[in-house]
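Read in order, the letters of the sequence shown correspond to residues 1 to 450 in this note's numbering.
Written out below as structure tokens is the structure these notes cover.
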Amino acid sequence: MVQITDTSGKILDEQSDTFGVRTVEIRDRHLLINGERARLTGIARHEESVWEGLAETRGTMRYDYDDMKTLQVTLTRPVHYPQNPFILDYADRHGILLIPEIPVWQFSEAQMRDPKVIALAKQQMREMIEQAGNHPSIFAWSVCNESDSETPGGIAYFRAMRDFIRQIDPERFVSYADDNLAKLQQAQDSAANDADFVMMNQYFGSWHGPAAALPASLDLVDRLFPNKMVIISEFGLPGIFAKDAEEADQMRVKIIKEQMPELARRDWIAGAIFWCYQDYKSRRNLRPGLEEGYVDHGLVDQYRQRRPSYYVWKEMNTPASLSGSFERPTDNAPGAFTATVQANTAQRLPSYPLHDYRLEWDVRDENNKVVASGAEALRDLANMQTVTGKLQPLADTSALRLHLTLLSPMGSVAAEDDVDWRRNEIGSQPTPTPVPAAMTDAAATTAPAQ
1 MVQITDTSGK ILDEQSDTFG VRTVEIRDRH LLINGERARL TGIARHEESV WEGLAETRGT
61 MRYDYDDMKT LQVTLTRPVH YPQNPFILDY ADRHGILLIP EIPVWQFSEA QMRDPKVIAL
121 AKQQMREMIE QAGNHPSIFA WSVCNESDSE TPGGIAYFRA MRDFIRQIDP ERFVSYADDN
181 LAKLQQAQDS AANDADFVMM NQYFGSWHGP AAALPASLDL VDRLFPNKMV IISEFGLPGI
241 FAKDAEEADQ MRVKIIKEQM PELARRDWIA GAIFWCYQDY KSRRNLRPGL EEGYVDHGLV
301 DQYRQRRPSY YVWKEMNTPA SLSGSFERPT DNAPGAFTAT VQANTAQRLP SYPLHDYRLE
361 WDVRDENNKV VASGAEALRD LANMQTVTGK LQPLADTSAL RLHLTLLSPM GSVAAEDDVD
421 WRRNEIGSQP TPTPVPAAMT DAAATTAPAQ
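Here it is in structure tokens:
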């Protein structure tokens, strides 16, 4: 804490801050956090809402980021401008790595050569580093987005910015988001060759061509930059490529289901960031001349109502597999259950060490009454672990539901599973039992508190 006082000792102003200690390394094209390898995923988010516009309150920011943690966000490039201190603090406390970026977006080579632009970019970067540099969640800085970085002027701009940043923050990595890597002939023609790691924006299936072209484009990046780690800094599906919002989200689901495994197969891809969390307003609403309405790009709409793609992303980004089964006697209700838990291997996206997690469980009967519950600490999930639970005899029970929840050390839900049993289906795979509304998840959300 820093205080300014007058001669009488009266406090005129004060400022307090927090800090954390961690190490982030890039070694052999892999990302290591505190010495352990991690492959991370996340979602970008614009500072924008229907009820507050760009002047967001903490309630909106907290709501959105709590929801993003539900979606297992561990990495984000928080778009093209400095972030509110609340978001930086949130990321510190909830295990989210950040790559902040200054607002240099779709600049031409002439702009990137302009001494006035370079001076302003340096000023903005210095201000952002001085404001946010104490936050352990920040592991790299980005100096531009989708600009002419495959030109002599763009390469010179990146080198000037990289060297400037290293003077004031030599410990962090420097990169930028590039949307033209698939068109390169040689690495030397791109500023990516001088970056500490490569950030690739790819929209195969929309802007960048057919979805089938993605594997070849990734292989090209691998050949051009054989010693560099890669983060997919944007991918997704803009709604203007569909006839309506429903079709757009169906296409979005297809992109997620097909491209996530394709990215995971390449172990030099250390992270992937989906664009984006919510629909947002922009004066450049993707179509030339269109300045009104919302950009259809989100897993949720502008009112934070969840689309089907939200649930697909959630399912595909759990950091561990979790499953359970009842022991099935021949006459009475089950007397025990077994649950298995295992962290994702390094061949998956996401995958990262899971230490000090906790498995909680409860069993409810057909009246939604809890008939058994328990918890077990899981110190290290590097290997598969099995948890068993005993149940009291339940001779009159006709149906049971076992609910398993894997919780992180911070209390967020990492994975869930439900297992149903029905008396009339002993010895066969049961169909889901109708349960009271209190046992089901609502598909829609309400607007965040302000």
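The C-beta atom is built at its ideal place from N, Cα and C for all residues, glycine as well.
Computed from a predicted model, the values in this text were never measured in an experiment.
* Asked: When you compare only the Cα positions, how much space is there between Y63 and N332?
  -> Straight-line spacing of the CA atoms in Y63 and N332 works out to 45 Å.
* With a Cβ-Cβ cutoff of 9 Å, do V341 and A320 count as a contact? -> Cβ atoms of V341 and A320: closer than 9 Å.
* Asked: So, is Y154 buried or exposed, given that buried needs 16 or more other C-beta atoms within 10 angstroms?
  -> Checking the displayed sequence, the identity of residue 154 turns out to be Gly instead of Tyr. The residue is buried, with at least 16 neighbouring Cβ atoms inside 10 Å.
* To do: Measure from the alpha carbon of T70 to the alpha carbon of each residue in Y294, S412, V419, L31, then state which is nearest.
  => With distances taken between Cα atoms, T70 lies closest to S412.
* How is Q302 classed by DSSP in three states: helix, strand or coil? -> Q302 falls in the coil class under three-state DSSP.
* Asked: Cα separation between R58 and I255?
  -> Going from the Cα of R58 to the Cα of I255 covers about 32 Å.
* In three-state DSSP terms, what is F19? -> F19: coil per DSSP, three-state reduction.
* With respect to the alpha helix (DSSP H) encompassing D67, which residues constitute its N-terminal and C-terminal limits? -> That run of the alpha helix (DSSP H) goes 58-70.
* Is G9 buried or exposed, if buried means 16 or more other CB atoms sit within 10 Å of its CB? -> Burial check for G9: the Cβ neighbour count within 10 Å stays below 16, so the residue is exposed.
* **Run of the beta strand (DSSP E) containing S217, from where it starts to where it stops** => For S217, there is no enclosing beta strand (DSSP E); the residue is found in the alpha helix (DSSP H) stretching over 214-224.
* Helix, strand or coil: which one does DSSP assign to S282? -> Looking at S282 - three-state DSSP - the assignment turns out to be coil, as it is neither helix nor strand.
* Asked: Any chance the segment 351-360 sits against the segment 388-398, with 3 or more Cβ pairs inside 8 Å?
  -> Of all C-beta pairs linking the segment 351-360 to the segment 388-398, fewer than three are shorter than 8 Å, placing the two stretches out of contact.
* Which residues in the same chain as K228 place their Cβ atom closer than 7 Å to its Cβ, once the five residues preceding and following it in sequence are excluded? -> Counting only Cβ-Cβ distances below 7 Å, and skipping sequence neighbours, we find R29, F197, V198.
* Among the residues of its own chain, which have a CB less than 6 Å from the CB of S16, if the five just before and after it don't count? -> Within the same chain, S16 has close Cβ partners M1.
* Asked: Near G239, what residues of its chain come up, given a Cβ to Cβ distance below 7 Å and the 5 sequence neighbours on each side ignored?
  -> Same-chain partners within the cutoff: A245, A248, D296, H297.
* To do: Using a threshold of 9 Å, state whether the C-beta atoms of M463 and I102 are closer than that.
  => Residue 463 is absent from the model: the chain starts at 1 and stops at 450.
* For the segment 106-124 against the segment 143-157, are there 3 or more C-beta pairs whose distance is under 8 Å? -> With three or more CB-CB distances shorter than 8 Å, the segment 106-124 counts as touching the segment 143-157.
* Asked: Distance, Cα to Cα, D402 vs H94?
  -> With the sequence shown as reference, residue 402 is identified as Leu, and Asp is not the correct amino acid for it. Approximately 28 Å, taken between the alpha carbons.
* Asked: Is R77 near A44, with beta carbons less than 9 Å apart?
  -> Cβ distance < 9 Å, so R77 and A44 count as in contact.
* Should the segment 133-148 be regarded as contacting the segment 304-321, the criterion being three or more beta carbon pairs within less than 8 Å? -> No, the segment 133-148 does not touch the segment 304-321.
* To do: State the DSSP-derived secondary structure class of Y81, mapped to helix, strand or coil.
  => Reduced to three states, the DSSP call for Y81 is coil.
* Could you tell me which of L88, F225, N180 sits nearest to W207, measuring between CA atoms? => Nearest C-alpha to W207: N180.
* To do: For Q123, count neighbouring Cβ atoms within 10 angstroms of its own Cβ and tell me buried if that reaches 16, exposed if not.
  => Counting Cβ neighbours within 10 Å, Q123 comes out exposed, since fewer than 16 surround it.
* Under the three-state reduction of DSSP, which class applies to L97: helix, strand or coil? -> Strand.
* To do: Starting from R423, follow the alpha helix (DSSP H) in both directions and report where the run begins and ends.
  => Bounds of any alpha helix (DSSP H) do not take in R423, whose DSSP letter is neither H nor E.
* CA nearest to the CA of R307, picked from M316, I87, S323, Q278 -> Looking at the Cα atoms, Q278 is the closest of the given residues.
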